[in-house]
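I have placed the structure first, in the form of structure tokens, so that the comments after it can refer back to it.
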Amino acid sequence: MKSLLMLISSLALNLNVNAADISGHWRGVLATSPNSGLTLALQIQPSTEGYQLLLRSPNQHSNDIAVSSMTIQDNTLNFTVDALKAAFTGTFDGETLNGTFTQGQPMPLTLTRLTKSDEARLAHEQQLFGELQINANASLPLVLNIAVIANGYHVTLDSPKQQSYGIPVDQFSISEQQLRFGSSMINASYQGTWQDDAWQGSFVQGQAIPLILKKKPVTQPLTPTLSQMSEWLSAEFGQHGVAIAWVDGQTVRYQLHGQANVANQQAVSQSTLFEIGSLTKPLTALAVIKQLQRGKWQLDTPLAQQNALPELAAHHYTLAELLTHRSGLPRLPANLPLDDLSNPYAHYDEVALKAALANTEFAEKAFGYSNFGYGLLGFLAGQQAKMPYASVMLQQVLQPLGMKTAGVQTGKQSFKDLANGYAISADTVPNWQFDSLAGAGAVVASIEDMATMLRHIFHHHAKDKALQQWLTALPTNEQPAMTPGWMLTEQNWLWHNGQTAGFFSLVIFDLQTEKGLVLLTNIAIPVTEQGFALFNEWLAQDAK
Numbered sequence: 015m016k017s018l019l020m021l022i023s024s025l026a027l028n029l030n031v032n033a034a035d036i037s038g039h040w041r042g043v044l045a046t047s048p049n050s051g052l053t054l055a056l057q058i059q060p061s062t063e064g065y066q067l068l069l070r071s072p073n074q075h076s077n078d079i080a081v082s083s084m085t086i087q088d089n090t091l092n093f094t095v096d097a098l099k100a101a102f103t104g105t106f107d108g109e110t111l112n113g114t115f116t117q118g119q120p121m122p123l124t125l126t127r128l129t130k131s132d133e134a135r136l137a138h139e140q141q142l143f144g145e146l147q148i149n150a151n152a153s154l155p156l157v158l159n160i161a162v163i164a165n166g167y168h169v170t171l172d173s174p175k176q177q178s179y180g181i182p183v184d185q186f187s188i189s190e191q192q193l194r195f196g197s198s199m200i201n202a203s204y205q206g207t208w209q210d211d212a213w214q215g216s217f218v219q220g221q222a223i224p225l226i227l228k229k230k231p232v233t234q235p236l237t238p239t240l241s242q243m244s245e246w247l248s249a250e251f252g253q254h255g256v257a258i259a260w261v262d263g264q265t266v267r268y269q270l271h272g273q274a275n276v277a278n279q280q281a282v283s284q285s286t287l288f289e290i291g292s293l294t295k296p297l298t299a300l301a302v303i304k305q306l307q308r309g310k311w312q313l314d315t316p317l318a319q320q321n322a323l324p325e326l327a328a329h330h331y332t333l334a335e336l337l338t339h340r341s342g343l344p345r346l347p348a349n350l351p352l353d354d355l356s357n358p359y360a361h362y363d364e365v366a367l368k369a370a371l372a373n374t375e376f377a378e379k380a381f382g383y384s385n386f387g388y389g390l391l392g393f394l395a396g397q398q399a400k401m402p403y404a405s406v407m408l409q410q411v412l413q414p415l416g417m418k419t420a421g422v423q424t425g426k427q428s429f430k431d432l433a434n435g436y437a438i439s440a441d442t443v444p445n446w447q448f449d450s451l452a453g454a455g456a457v458v459a460s461i462e463d464m465a466t467m468l469r470h471i472f473h474h475h476a477k478d479k480a481l482q483q484w485l486t487a488l489p490t491n492e493q494p495a496m497t498p499g500w501m502l503t504e505q506n507w508l509w510h511n512g513q514t515a516g517f518f519s520l521v522i523f524d525l526q527t528e529k530g531l532v533l534l535t536n537i538a539i540p541v542t543e544q545g546f547a548l549f550n551e552w553l554a555q556d557a558k
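In structure tokens:
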């Protein structure tokens, strides 16, 4: 769920009740998907004007977000958060507050007031950060999010490098000297003791690996503004490379910062290639659209009925569901080896993919972001065209969009202008290669390539049927809204981001105003929230 509800500025409530005191800490878990949830915390305090309300999510870390309006009438609490397009309405019933939280879709939410005993456990509410050293070549950052709820804790685990967030932790205990937790979903556990201002213990997932967990420093990420771009780039990225394109119709303004290769002091240029990671997915979706336009596939026919692969016999989802991450396929194939996370997809070949397809355990058909699904789409596009996925992309997608220097990183060719990648720790990491899952994240492109793509979209989308289908929302019964490959905001902006071990990328664009923003970095620092803030400011500035 999008950056949902961190600490919110206090706002006085106009109180129109003489009921029992409602002050205190109120906690509830919002079910954001069938397998995950998010703790929401309300702190209600008496004030000279009635009550003040503070709202936050202990499972997350983000900028402050202002409540837009709130009222208490009789026993009913209402508030809205315009920045998140979110609202809550609920009724107090003794020690519970029963209501509905709405962000895109209504979700039931019950909050319970913490007792004094519960409040004493707030000392353990924190984020713990550690680096799991898988082997000499690979490490995996982990973040443990500990939130207090009535009579217990709600705990989740994040694996940022794998872009996995909110992994449920269903066994948890903590004291002054002992920390234990476990997750049935990933069949993992941890046990540690408090020594030298850190939890020192072992993380067990098949094998035991030492893991030190420290309190995650609470820092506010910098929010850039248009007038302070240089300061933000220097403070956030240092010497590492950033390429930005501001696309306004057919006009492009570029901003370049830092080095494509820090050791050699090779500056980023407009032709520097970046790994764009999951931004490959919308491009893969366009390759699928091209097949649909030729009548080769049907959007709403189950895959098993339009593909003769025996491994797909039990795959009854449609292409529309696959394109919008609603197929029920898991995020990753169960047989994807994770022993070298520095380049995890390089050796996952067609044999492995077919084995995974034949033995897939399907989840419920609800939104579930799937690299497996888009890897499959790329594989099928190549099969249908009777050529490698890389050739399909060059001939049917990249070249028609005008992306002259973009390519597909399969390891079978080298790209002389490809930047070095750097982990968030600033360590150099290998460039990623892909095999059978290339459709999920294998494209490399320059800032000129990406800007040219947006210029092509703005110039041709009104008349090009393939582009129209690519950029039009598919009907779904739940959020997030999507076109084939692109996420949609409530303002109808189209966007996607991407991350590999050493790169981050973001594209946002608005067809109505024909404005778009591209951010490419060669260090794995997320820029999604910052990019949206900049794009929003840019559009608001031009609207004046």
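Using my numbering, read the sequence shown as starting at 15 and increasing by one per residue. No residue lacks a Cβ here, since even glycine has one placed at the ideal position from N, Cα and C.
(1) For Ile-188 and Ser-71, what's the separation of their Cα atoms in angstroms?
(2) In its own chain, which residues sit with a C-beta less than 6 Å from the C-beta of Ala-334, not counting the 5 before and 5 after it?
(3) Please return the same chain residues whose Cβ sits closer than 7 Å to the Cβ of His-475, not counting the five positions on each side in sequence.
(4) Buried or exposed: where does Arg-41 fall if 16 or more other Cβ atoms within 10 Å of its Cβ makes it buried?
(5) Val-411 and Leu-300: beta carbons closer than 8 Å?
(6) For Ser-248, collect the residues of the same chain with a Cβ closer than 8 Å to its Cβ; drop the 5 residues on either side in sequence, then sort them by chain order.
(7) CB of Thr-126 to nearest heavy atom of the ligand ATP: below 7 Å?
(8) Under a three-way DSSP split, which group does Ala-301 fall into?
(9) By how many angstroms is the C-alpha of Gln-544 removed from the C-alpha of Ile-36?
(10) By DSSP, does Val-365 sit in helix, in strand, or in coil?
(11) Beta-carbon separation of Ala-101 and Thr-90 under 8 Å?
(12) Three or more beta-carbon pairs under 8 Å between the stretch 442 to 449 and the stretch 279 to 288, yes or no?
(13) Leaving out five residues on either side along the sequence, give the residues of the same chain with a beta carbon under 6 Å from the beta carbon of Trp-45.
(14) For Met-199, does the count of other Cβ atoms within 10 angstroms reach 16, so buried, or fall short, so exposed?
(15) Could you spell out the range, first to last residue, of the beta strand (DSSP E) harbouring Pro-208?
(16) Which value, in whole angstroms, describes the spacing of the CA atoms of Gln-214 and Ser-173?
(17) With H, G and I counted as helix, E and B as strand and the rest as coil, what does DSSP make of Leu-391?
(18) Among the residues of its own chain, which have a CB less than 8 Å from the CB of Gln-513, if the five just before and after it don't count?
(19) Taking the alpha-carbon of Met-417 as reference, which of Gly-425, Leu-326, Gln-185 and Thr-286 has the nearest alpha-carbon?
(20) Grab the span of the beta strand (DSSP E) containing Asp-556 for me, first residue to last.
(21) When the distance is taken between beta carbons, is Phe-288 closer than 8 Å to Ala-161?
(22) On the three-state DSSP scale, how would you describe Arg-41?
(23) Thinking C-alpha only, which one of Ile-471, Thr-442, Gly-421 and Val-443 is nearest Gly-455?
(24) How long is the line joining the alpha carbons of Leu-371 and Leu-346, rounded to whole angstroms?
(25) Measuring only the C-alpha atoms, how far is Ala-369 from Glu-325?
(26) Determine the direct distance from the alpha carbon of Gln-273 to that of Leu-158, and round the result to whole angstroms.
(27) Is it the case that the stretch 393 to 407 contacts the stretch 349 to 363, given that we only count it when at least three CB pairs across the two stretches are under 8 Å?
(28) Would the stretch 258 to 267 count as touching the stretch 522 to 536 if we require 3 or more Cβ pairs under 8 Å?
(29) Check each candidate in Phe-429, Gly-382 and Ser-439 and name the one with the smallest Cα separation from Leu-336.
(30) Is the CB-CB distance between Asn-321 and Asn-434 below 8 Å?
(31) Which same chain residues end up closer than 7 Å to Val-232 when comparing Cβ atoms and leaving out the 5 residues on each side of it in sequence?
(32) Applying the 10 Å Cβ sphere with the 16-neighbour rule, what's the burial state of Pro-351?
(33) Taking just the CA atoms, how far does Leu-69 sit from Thr-110?
(34) How close, in whole Å, do the beta carbons of Lys-14 and Gly-113 come, if the pair is a contact with beta carbons under 8 Å?
(35) Need the endpoints of the beta strand (DSSP E) that Arg-194 sits in, please.
(36) Within 10 Å of its beta-carbon, does Asn-165 have 16 or more other beta-carbons around it, so buried, or fewer, so exposed?
Walking through what the data contain:
(1) 20 Å
(2) Leu-313, Asp-314 and Leu-488
(3) If we look at His-475 and ignore the five residues flanking it on each side, its Cβ neighbours are Leu-481, Gln-482, Leu-485 and Leu-525.
(4) buried
(5) For the 8 Å CB-CB criterion, Val-411 and Leu-300 form a contact.
(6) His-271
(7) Ligands in the displayed structure: none, and consequently the ligand ATP is not present.
(8) Reduced to three states, the DSSP call for Ala-301 is helix.
(9) 37 Å
(10) helix
(11) no
(12) The stretch 442 to 449 makes no contact with the stretch 279 to 288, as fewer than three CB pairs between them are under 8 Å.
(13) This sequence places Ala at residue 45; Trp is not what is there. Same-chain partners within the cutoff: Gly-51.
(14) exposed
(15) At residue 208 the sequence reads Trp, which differs from the Pro that was named. 202 to 209 is the span of the beta strand (DSSP E), which, as asked, contains Trp-208.
(16) 19 Å
(17) helix
(18) Gln-177, Gly-291, Ser-292, Ser-519, Ala-538 and Pro-540
(19) Thr-286
(20) Here Asp-556 belongs to no beta strand (DSSP E); instead the alpha helix (DSSP H) covers 542 to 557.
(21) It is not a contact, given that the beta carbons lie outside the stated cut-off.
(22) When DSSP states are grouped into helix, strand and coil, Arg-41 belongs to the strand group.
(23) Gly-421
(24) 11 Å
(25) 8 Å
(26) Roughly 33 Å separates the two Cα atoms.
(27) Contact fails: fewer than three Cβ-Cβ distances are below 8 Å.
(28) yes
(29) Gly-382
(30) No. Outside cutoff.
(31) Legend: pLDDT at Val-232 = 47, less than 50; position of this residue unreliable, value from coordinates given subsequently. None.
(32) Exposed.
(33) The alpha-carbon atoms of Thr-110 and Leu-69 are separated by roughly 16 Å.
(34) Given that the chain is displayed from residue 15 to residue 558, the structure contains no residue 14 and the question cannot be resolved.
(35) 192 to 197
(36) exposed
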